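Read through the structure below, which is laid out as structure tokens, and then see the notes.
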Amino acid sequence: MSKTDTADEAGMSAMARPAPRRRTSRTDSPFWAALFVGPNVVLFTAFMVIPIVWGLALSLFDWNLIYEPRFVGLDNYVALLNDARAVNSVWKTAYLLVLGVVPTVFLSFILAALINTNFPGYSVFRTMYLLPIVISLVASAVLWRFMYDPRVGPIAQLLSFFGVSGPNWLQDTTWAMPALSLVIVWLRLPLGIILYLAALQQINPQLLEAAEIDGAGPWQKLRHIIWPNVMPVTLLILVLTLRGIIFDSFDIAFVMTKGGPLNSTDILAVYIYDLAFAQLRLGYASALSTVLFVIVTILALIFNPPRRRPTNGDPL
Amino acid sequence: MSKTTLTQFTPSRRAVLAGLAASPFALAAGSHFAMAQPTSGTLSIGILDWAETGIKPVFAAYEAARPGVKIDYSILPGDGPGLRQALLSRRLANKLPDITYLADIFATQFANAQVTADMRPFLTSGGPITMTSLAKPFLDQYLVTSGPNKDGIFGLPIGADTVVLYYNKKHFDDAGIPYPNDDWTFEKQIEVATQLTQKNGNVTTRYGLAASVPWHATYVPGIEAFGDTLLDENNMYKLQTEAAIKVFTMYWDQVKAGIIASSPQQTQLGGGYQAFGAGTVSMLQSVRALTPLIRSVTTDDWDVALEPKINGVRKTGMGSIAQAITPQGMANNQELAYDYLNWFYSEDGGMKILAAGYGTVPPVEALYNSPIWTELPGPPYDNRVFAESIQYGAMNPTSIPADVQVVVDTELAKAEESVVLNNVPVADALKAAEAVINEAMARVLAAGG
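Chains as they are written, first to last, in this note's numbering: chain W, 2 to 317; chain E, 170 to 618.
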């Protein structure tokens, strides 16, 4: 049994394979490397590195866009420790991660496995599963706000058909966060399905056939062949989902609940927006953003630690 | 959509002129302030999103009156935080429009941030509009009372707006209920709202009344009706007084009962005026400025009435949005901006067109009953309500800093949720809100307001 690496699973094995080179000296030159990497470096610096450094610097100031920024040192960070709403936001974000990450990974795998077969009309199902990724986040939020409408929403209509009176999903402190997480899972499924599908299609069918001949049932095949082969992709999806839920859930939460009711969906991204753009406390908001950046970095390192590149040139 | 512009205006020209004859605008004739009309150039104006429908005919008329001049307008967010964010960001980028719309709560902050210029030189230069032309209560909203710009006027109101009661006549007719009248009390209003409310199990499918309780135009009049004030002598909020607790309780009890649609519920219904238009609320507390939009979305027949009395006293929320000039050095075309304002407040200018489009009651006492807007075809039919309400007006104190108002709005919304969703006693919810608000007030005042 051979362990398939991440690049292979993403369908990139052909790219990783050494190709015949006609002009080796030319493509290996620093000029060409700089030419191809340069634009990325410039854009990454302009839109990622500089804003991050700027945000870090801003977190040491008190600024409201009106008066001159005032240097306050670490005061903003100290104030965070006593900010009950900030603490609440950290917990709400963690709660959303729990509700969002596990179902996204699990359902992505299940759905990818289901459509990884050539049943009649499978291409239609594959397209349908991918639809959420082409809908804008705000449009999705508005759509789902209608879905959750307690008067005319389809969910309420369906429940009433069975004689059940559902809650006012988005105005209920218990149900608002699960309701949001359902939307977020729905939005994040397509990427997970694509990655899992690519990984599943890279598994050598002969391995599965050999396992069957050896008497392996579905569970053994899943445990000993499929799961080990998709494990690197699972980690990738985990990290992407974590990052996506922490940063990209703002649109959904803001449009659907604005952090309410009673701060029950007041995730960090919503609180940071409120601090920065409603209260105009840009230094304090930057401090909280820095904390969030550190948390995400730590989580990414835990789930996807950096690995040394093998010296034989194979991709990781 | 039904939209009346100057060309569609039905009152006779004689009636219009008669209404304007008593107007201070008439003083414009022969004024030495009248500068040479610009013949070319582009004037940039930032308008609030919800005002676009009403203001576009005004811009078209100005361009017709000044061939060669072009208005380049941009849309600003209609909500307070969004407006503030947009204008302060544009100031930092030196991209302010020549004229900007603003709300009264931002008058001081925008003045300090050099988003707006002091209008006193304009008002005292002998032009068509003077310090006494505009109704004092509305002009005073833009009078800065503290800080480096004290005594300056940083906006010219474009309307004399009060909160009135919009009601769906069909809903009343179907229920066999007489329309609201001047004798209505809050208790009577709730009794009728209860009759008009429709439910499916525990879910309200039609609300009797839509009222945003955490909106200052709702609670400030109520507190004054009970003989108290919102702030103490140190500018701190008093939300634990008997008056405050009574006002919030009487509204929130009905929100809990599903009779009044609160702000979040209105959002769920698509928005306050949209819900009124769709017939999912029967009565709506709203202002004249939204009349063009209400007319455009409402198919049932409707009308307006005075806000009911509370505690035997009639008080109603009052205010206005304004337009202001960008300071010298930031505006691209200040001369054109002043010409626009001169034209806007002149006899046949933008104010008249705006009023004729249902969008405003002119903030000029002589025009409170002008046929320019009172004789417009209905709905609304009972236009005297808008003018009569002005005498009962209760305004949000102008001494509240904008940074604090944001916190007030947030905390009162949260208080509402804790009362409605968690059954927290009103007094406790207000106590919690007051603590956060006054902490913000102290912090902002200590930093210079």
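Virtual Cβ for every residue (Gly too), placed ideally from N, Cα, C. Note that the coordinates shown come from a computational prediction; the quantities given were computed from them, not determined experimentally.
Is the beta carbon of glutamate 603(E) sitting closer than 8 Å to the one on valine 382(E)? no
Identify the contact partners of glutamate 586(E) in chain W, using a Cβ-Cβ distance below 7 Å as the criterion. Gly261, Pro262, Leu263
If you measure beta-carbon to beta-carbon, which residues of the segment 27 to 60 of chain W are closer than 7 Å to chain E? none
Between the segment 242 to 262 of chain W and the segment 178 to 192 of chain W, are three or more C-beta pairs nearer than 8 Å? yes
Checking contacts by CB at 8 Å: is alanine 279(W) closer than that to chain E? yes
Any C-beta of chain E sitting closer than 8 Å to the C-beta of proline 133(W)? no
Chain W within 8 Å of phenylalanine 261(E), Cβ atoms only: One point to set straight first is that residue 261(E) is leucine, not phenylalanine, in the sequence displayed. With 8 Å as the cut-off, leucine 261(E) counts as an interface residue toward chain W.
Beta-carbon within less than 7 Å of isoleucine 244(E)'s beta-carbon, same chain only, minus the 5 sequence neighbours each way: which residues are those? Ile216, Asp218, Glu221
Give me, in chain order, the residues of the same chain whose beta-carbon lies closer than 8 Å to that of glutamine 111(E); leave out the 5 immediate sequence neighbours on both sides. Because chain E spans 170 through 618 in this model, residue 111(E) falls outside it and cannot be assessed.
In chain W, which residues lie less than 9 Å from proline 433(E) when you measure between Cβ atoms? Leu171, Gln172, Thr258, Lys259, Gly261, Pro262
From glycine 251(E) to isoleucine 392(E), what distance separates their C-alpha atoms? 28 Å
Return the residues of the segment 229 to 261 of chain E that lie within a Cβ-Cβ distance of less than 9 Å from chain W, sorted by chain order. Gly249, Pro250, Gly251, Arg253, Gln254, Leu257, Ser258, Arg260, Leu261
For the segment 231 to 307 of chain W, list the beta strand (DSSP E) runs that are entirely contained and at least 3 residues long, ordered along the chain. none
Cβ-based neighbour list, tryptophan 170(W), same chain, cut-off 6 Å, excluding 5 preceding and 5 following: Tyr149, Trp176, Ala180
Proximal residues of chain E, C-beta to C-beta of proline 151(W) below 7 Å: Val372
Touching or not, the segment 238 to 257 of chain W and the segment 100 to 117 of chain W, by the rule of three or more beta carbon pairs under 8 Å? yes
Valine 613(E) versus Asp29(W), Trp187(W), Tyr68(W), residue with shortest Cα-Cα distance: Tyr68(W)
So, at 6 Å on beta carbons, what are the nonlocal neighbours of glutamine 574(E) in its own chain, with the 5 sequence-adjacent residues on each side left out? Ile274
Quick one: any contact between the segment 360 to 376 of chain E and the segment 462 to 482 of chain E, if contact means 3 or more CB pairs under 8 Å? no
Mapping the DSSP letters down to three states, classify alanine 635(E) as helix, strand or coil. This structure leaves residue 635(E) out entirely; chain E is present only between 170 and 618.
Cβ neighbours of asparagine 77(W) in the same chain (closer than 6 Å, five flanking residues each side left out): Ser60, Gly284, Tyr285, Ala288
Rounded to whole angstroms, what's the CA-CA distance from glutamine 443(E) to tyrosine 420(E)? Just pull it up for me. 21 Å
Tyrosine 561(E) beta carbon less than 8 Å from that of threonine 485(E): yes
Report the neighbours of isoleucine 67(W) on chain E: residues whose CB is nearer than 8 Å to its CB, in chain order. Leu257, Gln278, Asn281, Ala282
Taking the alpha-carbon of threonine 291(W) as reference, which of Val38(W), Leu75(W), Phe37(W) has the nearest alpha-carbon? Leu75(W)
Option nearest valine 91(W) by Cα separation, candidates Val79(W), Asn65(W), Thr266(W), Pro307(W): Thr266(W)
Would you mind telling me which residues of chain E sit closer than 8 Å to serine 166(W), beta carbon to beta carbon, in chain order? Gly370, Asn371, Val372
Are any of the Cβ atoms in chain W nearer than 8 Å to that of leucine 614(E)? no
Between serine 209(E) and proline 266(E), how many whole angstroms is the CB-CB distance? I'm expecting something under 8 Å. Actually they are not in contact, since the Cβ atoms of serine 209(E) and proline 266(E) sit about 18 Å apart, beyond 8 Å.
To the nearest angstrom, how far is it from the Cα of proline 226(E) to the Cα of glutamate 557(E)? 27 Å
Within 10 Å of its beta-carbon, does asparagine 502(E) have 16 or more other beta-carbons around it, so buried, or fewer, so exposed? buried
Alpha carbon to alpha carbon, how far is phenylalanine 45(W) from glycine 547(E)? Give it in angstroms, no decimals. 58 Å
Name the DSSP beta bridge partners of glutamine 409(E), please? Glutamine 409(E) pairs with nothing; no bridge assigned.
Short-range partners of chain W found in the segment 563 to 576 of chain E, where Cβ spacing is below 8 Å: Asp572, Val575, Val576
Could you give the distance in angstroms between the alpha-carbon of glutamate 356(E) and the alpha-carbon of alanine 524(E)? 33 Å
Between leucine 462(E) and the rest of its own chain, which residues show a CB-CB distance below 8 Å, the 5 nearest in sequence each way excluded? Trp219, Thr222, Tyr442
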